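Using the UniProt record's numbering, read the sequence shown as starting at 1 and increasing by one per residue.
Yeah, the Cβ is synthetic: ideal placement off N, Cα and C, and Gly gets one too.
None of the values given here were measured: they were computed from a predicted structure.
Report on the structure given below.
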Amino acid sequence: MHKYITVPYIPLLGAKELPILPRIVGGEDAIPGEFPYQVSIQKQGLFGRSHMCGGSVLNEHHVLTAAHCLKGSNTNSLYVVMGEYDLGKNSGDEQVIVAGELVIHEHYDAATYTNDVGIIRVVPSITFNDKVMAVDLPAEMGLVEAGTECITTGWGATEEGGSSSDILKKVSLGERVVWGCGRVV
1 MHKYITVPYI PLLGAKELPI LPRIVGGEDA IPGEFPYQVS IQKQGLFGRS
51 HMCGGSVLNE HHVLTAAHCL KGSNTNSLYV VMGEYDLGKN SGDEQVIVAG
101 ELVIHEHYDA ATYTNDVGII RVVPSITFND KVMAVDLPAE MGLVEAGTEC
151 ITTGWGATEE GGSSSDILKK VSLGERVVWG CGRVV
């Protein structure tokens with residue numbers, strides 16, 4: 001079980017006055033399989049699929065992501081890729097599933113990013129293995145234990161204004177007090 005939180009949008013549930021944080025850049029390469037719940041949400045284009053957002057596997061049929069990633073998207077061109085590590089090559093560990101239903105938080109506000117939470121339902125089921133697992137969310141609503149290390153992961157920019165990484169990155173945000181989400185689905 002991981003002793004840190006890696007789902008950065010959970011603290012925004014119901015938030016009204018939170019400041020918008022700057023983008024997180026940098027970090028170090030994750031180890032393949034280190035974050036088995038991390039997914040790449042990809043959009044189909046003329047020249048194949050390309051990464052557009054990250055997300056977390058909640059269970060066999062649901063992936064948590066940001067509402068702004070789903071706004072304006074349709075399920076015909078959206079794919080969820082589990083077991084992804086290097087966007088530039090296929091390792092054989094990836095599971096690619098076409099997105100099914102897209103659910104955006106009913107009170108999502110694009111101007112303030114309040115309630116920036118979305119869920120993707122996938123069919124067929126996600127197959128769990130050592131490279132693909134569900135994220136371990138807190139069992140109850142409330143504060144996560146003080147001193148918990150907060151880590152965020154993704155394929156973001158490696159430096160301010162730089163290009164995105166093909167390799168999954170991780171960066172520690174230090175110790176924070178964050179709100180748990182409880183039961184999401």
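Backbone secondary structure at A146 - three-state DSSP:
If you number the sequence shown from 1, residue 146 lands on position 146. Coil, per DSSP.
Which residue comes first and which comes last in the alpha helix (DSSP H) that contains H62?
Position 62 of the sequence shown, counted from the first residue, corresponds to residue 62. Looking at the DSSP string, H62 is not in any alpha helix (DSSP H); the run it does join, the beta strand (DSSP E), is 62-65.
Looking at E94 and G83, is the spacing between their C-beta atoms short of 8 Å?
Locating residue 83 in the sequence shown gives position 83, where the first residue counts as 1. Locating residue 94 in the sequence shown gives position 94, where the first residue counts as 1. Yes. Within cutoff.
Own chain partners of C53 with C-beta closer than 7 Å, once the 5 adjacent residues on each side are dropped
Here residue 53 refers to the residue found at position 53 when the sequence shown is read from its first residue. Around C53: I41, T65, A66, C69.
Exposed or buried, L46, counting other C-beta atoms within 10 Å across all chains shown (16 or more means buried)?
Taking the sequence shown and counting its residues from 1, the one referred to as residue 46 is at position 46. It counts as exposed.
Using 8 Å as the threshold, is the region 156-170 in touch with the region 27-44, meaning 3 or more CB pairs across them?
yes
In three-state terms, what does DSSP make of N59?
Residue 59 sits at position 59 when you count from the first residue of the sequence shown. In the structure shown, N59 sits in a strand (DSSP, three-state: E or B).
Figure out for me which residue from V135, E149, T75 has the closest Cα to the Cα of G33.
By 1-based counting over the sequence shown, the position of residue 33 is 33. Closest by alpha carbon: V135.
Under 8 Å between the Cβ atoms of V123 and H61?
Position 123 of the sequence shown holds residue 123. Position 61 of the sequence shown holds residue 61. Yes, the Cβ-Cβ distance between V123 and H61 is below 8 Å.
Where does S77 fall in DSSP's three states?
Working through the sequence shown from its first residue, we reach residue 77 at position 77. Three-state result, S77: helix.
Beta-carbon separation (whole angstroms), A110 vs V80, contact threshold 8 Å
The count along the sequence shown starts at 1 and reaches residue 110 at position 110. The count along the sequence shown starts at 1 and reaches residue 80 at position 80. At roughly 22 Å, the Cβ-Cβ gap does not stay under 8 Å, so A110 and V80 are not in contact.
Mark T114 as exposed unless 16 or more other C-beta atoms lie within 10 angstroms of its C-beta, in which case mark it buried.
Indexing the sequence shown from 1 puts residue 114 at position 114. T114 is buried by the Cβ-count criterion.
Could you tell me whether the Cβ atoms of W155 and L58 are closer together than 8 Å?
Numbered from 1 along the sequence shown, position 155 holds the residue referred to as residue 155. Numbered from 1 along the sequence shown, position 58 holds the residue referred to as residue 58. Taking 8 Å as the Cβ cut-off, W155 and L58 do not qualify as a contacting pair.
Reference Q44; option with closest CA among G92, S73, S56:
What you label residue 44 is simply residue 44 of the sequence shown in a count that begins at 1. Looking at the Cα atoms, S73 is the closest of the given residues.
Pair within 8 Å by beta-carbon distance, V103 and I126:
Residue 103 sits at position 103 when you count from the first residue of the sequence shown. Residue 126 sits at position 126 when you count from the first residue of the sequence shown. Cβ atoms of V103 and I126: not closer than 8 Å.
Inter-residue spacing [alpha-carbon to alpha-carbon] between V39 and I151:
Locating residue 39 in the sequence shown gives position 39, counting from the first residue. Locating residue 151 in the sequence shown gives position 151, counting from the first residue. Whole-angstrom Cα-Cα distance: 15 Å.
Distance check for S56 and L78, CA to CA, integer angstroms please.
Residue numbering aside, residue 78 sits at position 78 when the sequence shown is read from its first letter. Residue numbering aside, residue 56 sits at position 56 when the sequence shown is read from its first letter. About 15 Å.
Which same chain residues, not among the five before or five after S91, have their C-beta less than 8 Å away from its C-beta?
Within the sequence shown, the letter at position 91 stands for residue 91. The answer, listed in chain order, is P32, G83, Y85.
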